[in-house]
Amino acid sequence: NTVSLFLDDIRNWLKDRNLPAVQIVDQDKFRAVSSNATLRLRKAKVLQHQVTEISAYFSSQLKKAEKERERRRDEQAFNGVDPHETLSSLFDDLSRPSSPELVASPHHPEACPRTSSVDDNGGG
Numbered sequence: 001n002t003v004s005l006f007l008d009d010i011r012n013w014l015k016d017r018n019l020p021a022v023q024i025v026d027q028d029k030f031r032a033v034s035s036n037a038t039l040r041l042r043k044a045k046v047l048q049h050q051v052t053e054i055s056a057y058f059s060s061q062l063k064k065a066e067k068e069r070e071r072r073r074d075e076q077a078f079n080g081v082d083p084h085e086t087l088s089s090l091f092d093d094l095s096r097p098s099s100p101e102l103v104a105s106p107h108h109p110e111a112c113p114r115t116s117s118v119d120d121n122g123g124g
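Read in order, the letters of the sequence shown correspond to residues 1 to 124 in full-length UniProt numbering.
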């Protein structure tokens, strides 16, 4: 019987190293313990698979939430502003003759000079 040979090998290995011999008297008990360990290993693998699936699910939900947040942020950035209207006003600004006045753009509310850094007072 394979189990008996295996146990004999273990006993011989222990004897060769002057270790106390372990006796497994009941082969049925040995099989039951082995079977129980195999069953627990299978359950652990199933649990590991379930944890992996749950992790993947939450990861995908997080990505969806991030995309939705970005979409809403973009939506709020244009809230009340028609992108086509903004584009046409930009072309209108570009078609006007440049003047040294300070002009605020929709994207940069702070005033920016429209011409070179030399001002009318000769400084610069």
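Don't be surprised by glycine CBs; every beta carbon is placed ideally from N, CA and C. Remember, predicted model here, so these are calculated numbers, not experimental data.
In the DSSP annotation of this structure, the continuous segment of the alpha helix (DSSP H) that includes N12 starts and ends at T2 to D16. Here F78 carries a coil assignment [DSSP, helix/strand/coil]. With contact defined as three or more Cβ pairs closer than 8 Å, the stretch 57-68 and the stretch 29-49 are not in contact. In this structure, the CA atom of R71 is about 21 Å from the CA atom of Y57.
Take the alpha-carbon of L39 and the one of K15: they are about 31 Å apart.
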